[in-house]
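Numbering (the working numbering), first residue to last: 4 to 116.
Heads up, the beta-carbon is just placed ideally off N, CA and C, and yes, glycines get one too.
These numbers come from a predicted model, not from an experiment.
Structure first, commentary second.
Following this line, the structure appears as structure tokens:
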């Protein structure tokens, strides 16, 4: 079922129906399909190219944990790249610092510190 939603997001985004692609992510929740980091990354990659969707996608990124989706390093890289291209370097830098903190916390928990 989650593959179906991935394809819908992709098809809508490629057809320049970005708003519909964006809402598909939320529809997943209505069907009790738990979004995965790859779904988040997929929607980030597809919609970030539309300048008018950078902030709504960023908002989704910030609240994704409420839906049980935890952004991974790829998620951060996608957004940092988009904000750099959009010349929002301060936001990109904040994302970099947050990503670095999360990676360091994960690494220290894996090695037992």
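Q. At which residues does the alpha helix (DSSP H) containing residue 67 begin and terminate?
A. Counting along the chain, residue 67 falls outside any alpha helix (DSSP H), and DSSP gives it neither H nor E.
Q: Could you work out which residue in 39, 54 and 92 is closest to residue 68 when comparing CA atoms only?
A: 39
(Q) With H, G and I counted as helix, E and B as strand and the rest as coil, what does DSSP make of residue 39? (A) Residue state, collapsed to three classes: coil.
Q. What do you get for residue 4, buried or exposed, if any count of 16 or more other CB atoms within 10 angstroms of its CB means buried?
A. So residue 4 counts as exposed.
Q: With distances taken Cα to Cα, identify the nearest neighbour of residue 82 among 99, 8, 72 and 35.
A: 99
Q: Note down, in chain order, each residue of its chain lying with its Cβ closer than 7 Å to the Cβ of residue 116, except the 5 sequence neighbours on either side.
A: In this prediction, residue 116 has a pLDDT of 48, which is less than 50 and means its spatial position is unreliable; what the coordinates show is noted afterwards. Counting only Cβ-Cβ distances below 7 Å, and skipping sequence neighbours, we find nothing.
(Q) For a test of the three-state rule: what should DSSP assign to residue 19, helix, strand or coil? (A) coil
Q: Could you give the DSSP three-state label for residue 59: helix, strand or coil?
A: Looking at residue 59 - three-state DSSP - the assignment turns out to be helix.
Q | Three-state secondary structure (DSSP) of residue 54 | A | helix
Q. Once you ignore the five residues that flank residue 54 on each side, which residues in its own chain have a CB closer than 8 Å to its CB?
A. 89
Q. Considering only the beta carbon of each residue, do residue 9 and residue 45 sit closer than 7 Å?
A. yes
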